[in-house]
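Chemist: Numbered by the numbering used here, the letters in the sequence shown go through residues 803 to 1558 in order. Structure below; questions to follow.
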Amino acid sequence: MLFAALTHSVVIFGVTHMQKPRKKLIVVATAFSLHAYALQGLAEDQSQASKSVALDKLEVRGILPDRLDSVPGSYDLIDEKALMERRPFSIQEALNNVPGVNVVGENTFGLGVNIGIRGLNPRRTSRTLLMEDGMPIFLAPYGDPAAHYTTPLERVQRIEVVKGSGQILYGPQTVGGMINFVTRPVPTDGQVHGNVQATLGNHDFSSLYGTIGAGDERGGLMIDALHKKGDGIRKHHDFEIQEYTAKGQLNLSDRHTLIAKASYFREDSHVSETGLGLVEYNEDKYQAPTGKNDVFQHERTTFQLQHLFQVNEQVKLSTQAYYAKSQRASFRQINNPGENAGRSQLERCPAGIGGNGNPNLALADQCGGRWRPREFEYWGIEPRLDIQHSLFGIESNAVLGFRYHKEDIDRKQYRGDDARFQHLGFAQTTLPREDIKIEVEAKSYYAQNTFYVGDWTFTPGLRLEDIRIKTDVMRADGNPQNNPESKLTNNQTKLLPGLGLTWNGFEKTTLFAGVHKGFAPPRPDRDLFAENGANTAVVSKTKPEESINWELGLRSSFFKGVTFESTLFHTVFDDIVVAGPVQGTFINGGQSEQNGIEFGGRINFGQIYNTSHNFYIAGSYTNLFTAKFKKTNAAANIVDGDRLPYAPRHLASLSFGYEHPVGLDARIGVDYVSRQEEDVSFRAGRNSANVLRGVTGDIPSYALINATVNYRPVGSRMTYFASAYNLGDREYLASRVDGMVAGRQRQVFGGIRYDF
803 MLFAALTHSV
813 VIFGVTHMQK
823 PRKKLIVVAT
833 AFSLHAYALQ
843 GLAEDQSQAS
853 KSVALDKLEV
863 RGILPDRLDS
873 VPGSYDLIDE
883 KALMERRPFS
893 IQEALNNVPG
903 VNVVGENTFG
913 LGVNIGIRGL
923 NPRRTSRTLL
933 MEDGMPIFLA
943 PYGDPAAHYT
953 TPLERVQRIE
963 VVKGSGQILY
973 GPQTVGGMIN
983 FVTRPVPTDG
993 QVHGNVQATL
1003 GNHDFSSLYG
1013 TIGAGDERGG
1023 LMIDALHKKG
1033 DGIRKHHDFE
1043 IQEYTAKGQL
1053 NLSDRHTLIA
1063 KASYFREDSH
1073 VSETGLGLVE
1083 YNEDKYQAPT
1093 GKNDVFQHER
1103 TTFQLQHLFQ
1113 VNEQVKLSTQ
1123 AYYAKSQRAS
1133 FRQINNPGEN
1143 AGRSQLERCP
1153 AGIGGNGNPN
1163 LALADQCGGR
1173 WRPREFEYWG
1183 IEPRLDIQHS
1193 LFGIESNAVL
1203 GFRYHKEDID
1213 RKQYRGDDAR
1223 FQHLGFAQTT
1233 LPREDIKIEV
1243 EAKSYYAQNT
1253 FYVGDWTFTP
1263 GLRLEDIRIK
1273 TDVMRADGNP
1283 QNNPESKLTN
1293 NQTKLLPGLG
1303 LTWNGFEKTT
1313 LFAGVHKGFA
1323 PPRPDRDLFA
1333 ENGANTAVVS
1343 KTKPEESINW
1353 ELGLRSSFFK
1363 GVTFESTLFH
1373 TVFDDIVVAG
1383 PVQGTFINGG
1393 QSEQNGIEFG
1403 GRINFGQIYN
1413 TSHNFYIAGS
1423 YTNLFTAKFK
1433 KTNAAANIVD
1443 GDRLPYAPRH
1453 LASLSFGYEH
1463 PVGLDARIGV
1473 DYVSRQEEDV
1483 SFRAGRNSAN
1493 VLRGVTGDIP
1503 SYALINATVN
1513 YRPVGSRMTY
1523 FASAYNLGDR
1533 EYLASRVDGM
1543 VAGRQRQVFG
1553 GIRYDF
């Protein structure tokens, strides 16, 4: 009854934190809650015969199947041991050793992370599906797939990265890859488990994390709490985050399990969303001229409920319901950096101190700016059937599923010259300059079957995405950029096939090949482009992005102490979306192509030589030898053969480590990123104005040294650790998306963790 009560309370928690609760969500959540009570009563009377089904079949797993040798594509699994070994400072460092993954480090702590896979633009990770325990974690997976949040690594048990045809079971983004953060399970061994971790570092960084959980064969409860703060890359870029999570499990019987999770996250940052002009960057690349006034606030509440039903030894039905609400608001005083001969200028100032465009940044406290409060709310329900069968006498595993997903998005923008506009409460007493409301309804159907034929597996699959998008754009009367109300609909129905195969004819070795059709829906905010000063809205719909993704690879642990994987990939886009000629707009860039090869592996000399002193070498390398546009598109400033933006030809990571039997391990490594090119919209002629603004020009290559030391004495529950990233304090340019942004300086931190 303990967990049944928890389920009920979590449902109440999820509903009471909605300002405008959705009726359908309440019905779904209530139904699940009542279902828990009903099934518990059923479980108490269930016959002993049903107990022949092993409980471990109901263990919650990630997106990878139990039989990894049958995965029809490339994947990477970063387990808890690897996370402890590397002690990543943020998600950027956690993924640096994954082949094909480029993380643009324009943010110190992984807030607003930018992840690109195999040459795709990493801006806000919009083309890489991010999930936590199988639940999407974007602001809005269809309407605004921006990653302003990633699961804190303290809660993560492992990270799964999938880039092959196995993506068709998930969505909507399947053009590049997907990353799933698997959180720690609730303990059910009759013991109390948990840990407390304290960390301190330079740049005023501190972190305190704690988790405690207990349970038995009937289920259990686990609670996590996290608080982090510190200074960012640039001056006046301090931040503070806190997160609280409750996760519970109830084993109603040997066949029925309920898992519920609720979380609350809050971020308060002084982060400028614009970079620097060329002159400013050369003077002091870590300055933020209006950083003390610029603000980014993010509040996020989520709820996830899963019911696992082992129908029999061959059939399992899993049903997931989820809800997320995010409120993010940003304030900034500079819109376009470097517009004043390479220096930034204030955008909104009273006429009495110089008017709009006043270049004197010292007067920022007397000026206004623009607030952009946005609210995102989405929920969904997804039943999935996993079936082991022998159709036509062939051993097979089938997956059938359906997902209903709903989103409501409210995007506003306020602008004003008055210094009181630095407070959101005052700004909201005025008419919004822009008010955009977006509704998304998406239905997804998928089916996949893996046939096991001797040493071969064949995995055909199919996914259908049916999307209905409605966008209403309203602007305040009397605004200098007045436009009439514009209503826009964009409906898409896409069939996405995939096929993969593996061959396991050699011991501990898998050859794999696959092809699938990728899809990324058009974001509604890309569907409207209003010309400055126009009296009518000029509507320009972007098409959805579609791709054909091919893979051929090998993974093996045949040789003792050696594991490695190599993948050759080929991706062709029909309508890749790029930044438009006007800031904040997007346009279809036409056809593009990405070809490359990835390597990843590890050598453990301790295993090879049968010694407890283990020296190891781990690394990855990606050669993206083709990443180009295939057709000239004058409207998008694209020339046939131009390289894709933020698509480095070479990515490499190499680590040397040593593990001592007394509980000491140490590692030193280097991460390398080759030259990258800026967004195509700024390349035309690379004119002097854009050079001064900092948005035009190459992003030079860089290499960063990192190191980690861990010590946990044998038999002790205490772990002492220290890590350093960018150990050589290398100064480098990370991005030109909104002006020049420097990468993080040397970051050193150390801490203590106690496990119980």
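We put the beta carbon where it would ideally sit given N, CA and C, even for glycine. What you are looking at is a predicted structure, and each value in this text was computed from that prediction instead of being measured.
(1) How is the alpha helix (DSSP H) around ARG888 delimited, first residue to last?
(2) Compare the C-alpha of GLY1443 against each of LYS1433, HIS1452, TYR1206 and ALA1449 and name the closest.
(3) With distances taken Cα to Cα, identify the nearest neighbour of LEU1165 among LEU955, PHE1204 and ASN1095.
(4) Count Cβ pairs between the region 978-990 and the region 920-940 that sit closer than 8 Å; are there 3 or more?
(5) Whose C-alpha, out of VAL963, GLY1093 and LEU1356, is nearest the C-alpha of LEU1303?
(6) Output the distance between the C-alpha atoms of HIS1029 and GLN975, rounded to the nearest integer angstrom.
(7) Below 9 Å between beta carbons: does that hold for VAL1516 and ASP1467?
(8) Looking only at its own chain, which residues have a Cβ that is under 6 Å from the Cβ of LEU1297, when we skip the five neighbours before and after it?
(9) Identify, in the order they occur along the chain, each residue of the same chain with its Cβ nearer than 7 Å to the Cβ of ILE961, setting aside the five sequence neighbours on each side.
(10) Rounding to the nearest angstrom, what Cα-Cα distance links ALA1153 and ASP1219 in this structure?
(11) Do you know offhand how far ALA1509's Cα is from GLN1089's?
(12) For GLN848, which of helix, strand or coil comes out of DSSP?
(13) Assuming THR1076 and ARG1134 are in contact, meaning their beta carbons sit under 8 Å apart, how far apart are those beta carbons, in whole angstroms?
(14) Can you tell me the Cα-Cα spacing of ILE1014 and PHE1321, whole angstroms?
(15) Using CA coordinates, which residue listed in PHE1523, ARG1514, SER1490 and PHE1558 is at the minimum distance from GLY1079?
(16) Buried or exposed: which applies to LEU860, given that a residue is buried once 16 or more other Cβ atoms fall within 10 Å of its Cβ?
(17) Does DSSP put SER1368 in a helix, a strand or coil?
(18) Between ARG1172 and GLN1215, which are expected to be in contact by the criterion C-beta below 8 Å, what is the C-beta distance as a whole number of angstroms?
(19) Go ahead and label PHE891 buried or exposed: buried means 16 or more other beta carbons lie within 10 angstroms of its beta carbon, across all protein chains shown.
(20) Given a threshold of 16 other Cβ atoms within 10 Å of its Cβ, counted over all protein chains shown, does GLU1353 qualify as buried or as exposed?
(21) So does the region 1201-1209 actually touch the region 1232-1244, counting three or more Cβ pairs closer than 8 Å?
(22) Out of curiosity, what's the CA-to-CA distance linking ASP1557 and ARG1514?
(23) According to DSSP, what are the bridge partners of GLU1101?
(24) If you draw a straight line from the C-alpha of PRO989 to the C-alpha of GLY1021, how long is it?
(25) How would you write the range of the alpha helix (DSSP H) that ARG1495 sits in, first residue to last?
(26) Who are the near neighbours of SER1455 in its chain, counting only those whose CB is closer than 7 Å to its CB and skipping five residues on each side?
(27) Should PHE1105 and ALA1126 be called a contact, given that it needs their Cβ atoms to be closer than 9 Å?
(28) Looking only at its chain, what residues have a beta carbon closer than 8 Å to the beta carbon of PRO788, apart from the 5 residues adjacent to it on each side?
(29) State the CB to CB distance for the pair ASN904 and VAL1475, rounded to an integer number of angstroms; the pair is presumed to be in contact (CB under 8 Å).
(30) Per the contact definition of three or more C-beta pairs closer than 8 Å, is the region 1374-1383 in contact with the region 1480-1488?
(31) Would you kindly check if the distance between the Cβ of VAL963 and the Cβ of GLU882 is under 9 Å?
(32) Beta-carbon of GLU1367 versus every beta-carbon of chain B: anything under 9 Å?
(33) How is TYR1418 classed by DSSP in three states: helix, strand or coil?
(34) Take LEU1119 and list the residues in its own chain whose beta-carbon comes closer than 7 Å to its own, dropping the five residues that flank it on each side.
(35) Under a three-way DSSP split, which group does ASP991 fall into?
(36) Just to confirm my understanding: we take ASP1086, look at its own chain, exclude 5 residues before and 5 after, and list those with CB closer than 6 Å. What are they?
Modeler: With the given structure in hand:
(1) Position 86 of the sequence shown holds residue 888. Note, ARG888: alpha helix (DSSP H), 882-888.
(2) On the sequence shown, position 641 is the one that residue 1443 refers to. That would be LYS1433, whose Cα lies nearest to the Cα of GLY1443.
(3) The sequence position of residue 1165 within the sequence shown is 363, counting from 1. When only C-alpha atoms are compared, the closest one is ASN1095.
(4) yes
(5) For the purposes of this step, residue 1303 is taken as the residue at position 501 of the sequence shown. Nearest option by C-alpha distance: LEU1356.
(6) For the purposes of this step, residue 1029 is taken as residue 227 along the sequence shown, with counting starting at 1. For the purposes of this step, residue 975 is taken as residue 173 along the sequence shown, with counting starting at 1. The alpha-carbon atoms of HIS1029 and GLN975 are separated by roughly 31 Å.
(7) Here the question's residue 1516 lines up with position 714 in the sequence shown. Here the question's residue 1467 lines up with position 665 in the sequence shown. Not closer than 9 Å, so no.
(8) Along the sequence shown, one-based indexing puts residue 1297 at 495. Taken in chain order, the residues that qualify are LEU1266.
(9) For this step, residue 961 is matched to residue 159 along the sequence shown. These residues qualify, in order along the chain: ILE880, ALA896, ILE981 and PHE983.
(10) Within the sequence shown, the letter at position 351 stands for residue 1153. Within the sequence shown, the letter at position 417 stands for residue 1219. Annotation: ALA1153 to ASP1219 spans about 8 Å, alpha carbon to alpha carbon.
(11) Taking the sequence shown and counting its residues from 1, one reaches residue 1509 at position 707. Taking the sequence shown and counting its residues from 1, one reaches residue 1089 at position 287. About 27 Å.
(12) Residue mapping note: residue 848 aligns to position 46 of the sequence shown, counting from 1. With a pLDDT of 39 at GLN848, under the threshold of 50, the predicted position of this residue should be treated as unreliable, and no value is reported.
(13) Here residue 1076 corresponds to residue number 274 of the sequence shown, with the count starting at 1. Here residue 1134 corresponds to residue number 332 of the sequence shown, with the count starting at 1. Confirmed, about 6 Å.
(14) Within the sequence shown, numbered from 1, the residue matching residue 1014 stands at position 212. Within the sequence shown, numbered from 1, the residue matching residue 1321 stands at position 519. Answer to the nearest angstrom: the Cα atoms are 40 Å apart.
(15) Working through the sequence shown from its first residue, we reach residue 1079 at position 277. If we check each option's Cα against that of GLY1079, SER1490 comes out closest.
(16) Here residue 860 refers to the residue found at position 58 when the sequence shown is read from its first residue. Low local confidence applies: a pLDDT of 46 at LEU860 is under 50, so the model's placement there is unreliable, with the coordinate-based value given in what follows. Label assigned to LEU860: buried.
(17) Taking the sequence shown and counting its residues from 1, one reaches residue 1368 at position 566. Assigned with DSSP and collapsed to three states, SER1368 falls in strand.
(18) Along the sequence shown, read from residue 1 onward, the residue named residue 1172 stands at position 370. Along the sequence shown, read from residue 1 onward, the residue named residue 1215 stands at position 413. Correct: roughly 6 Å between the Cβ atoms.
(19) Counting from 1 along the sequence shown, the entry for residue 891 is found at position 89. Buried is the call here.
(20) Reading the sequence shown from its first residue, position 551 is the one you call residue 1353. By the 10 Å Cβ count, GLU1353 comes out buried.
(21) yes
(22) Your numbering for residue 1557 matches position 755 in the sequence shown. Your numbering for residue 1514 matches position 712 in the sequence shown. When rounded, the distance between both Cα atoms is 11 Å.
(23) Translated into positions along the sequence shown, residue 1101 becomes position 299. Paired residue(s): ARG1068 and GLN1129.
(24) Taking the sequence shown and counting its residues from 1, one reaches residue 989 at position 187. Taking the sequence shown and counting its residues from 1, one reaches residue 1021 at position 219. Distance between the alpha carbons of PRO989 and GLY1021: 8 Å.
(25) Against the sequence shown, residue 1495 aligns to sequence position 693. From DSSP, the alpha helix (DSSP H) with ARG1495 extends over 1490-1495.
(26) Counting from 1 along the sequence shown, the entry for residue 1455 is found at position 653. By the criterion of a C-beta distance shorter than 7 Å, SER1455 is surrounded in its chain by ASN898, ASN899, GLY1421, SER1422, GLY1471 and ASP1473, once the five residues flanking it on both sides are discounted.
(27) By one-based count along the sequence shown, residue 1105 stands at place 303. By one-based count along the sequence shown, residue 1126 stands at place 324. Between PHE1105 and ALA1126, the gap from beta carbon to beta carbon is short of 9 Å.
(28) With the chain covering 803 to 1558 only, the question about residue 788 has no answer from this structure.
(29) As a first step, residue 904 must be located in the sequence shown, where it is residue number 102. As a first step, residue 1475 must be located in the sequence shown, where it is residue number 673. By a beta-carbon distance limit of 8 Å, ASN904 contacts VAL1475. Their separation comes to about 7 Å.
(30) yes
(31) Locating residue 882 in the sequence shown gives position 80, where the first residue counts as 1. Locating residue 963 in the sequence shown gives position 161, where the first residue counts as 1. Going by C-beta atoms, GLU882 is not nearer than 9 Å to VAL963.
(32) Considering every chain present, this structure includes no chain B. It has just one protein chain.
(33) On the sequence shown, position 616 is the one that residue 1418 refers to. Looking at TYR1418 - three-state DSSP - the assignment turns out to be strand.
(34) Along the sequence shown, one-based indexing puts residue 1119 at 317. Here the set comprises PHE1111, VAL1113, PRO1185 and LEU1187.
(35) Residue 991 sits at position 189 when you count from the first residue of the sequence shown. Coil, per DSSP.
(36) Numbered from its first residue, the sequence shown carries residue 1086 at position 284. Cβ within range, chain order: n/a, list empty.
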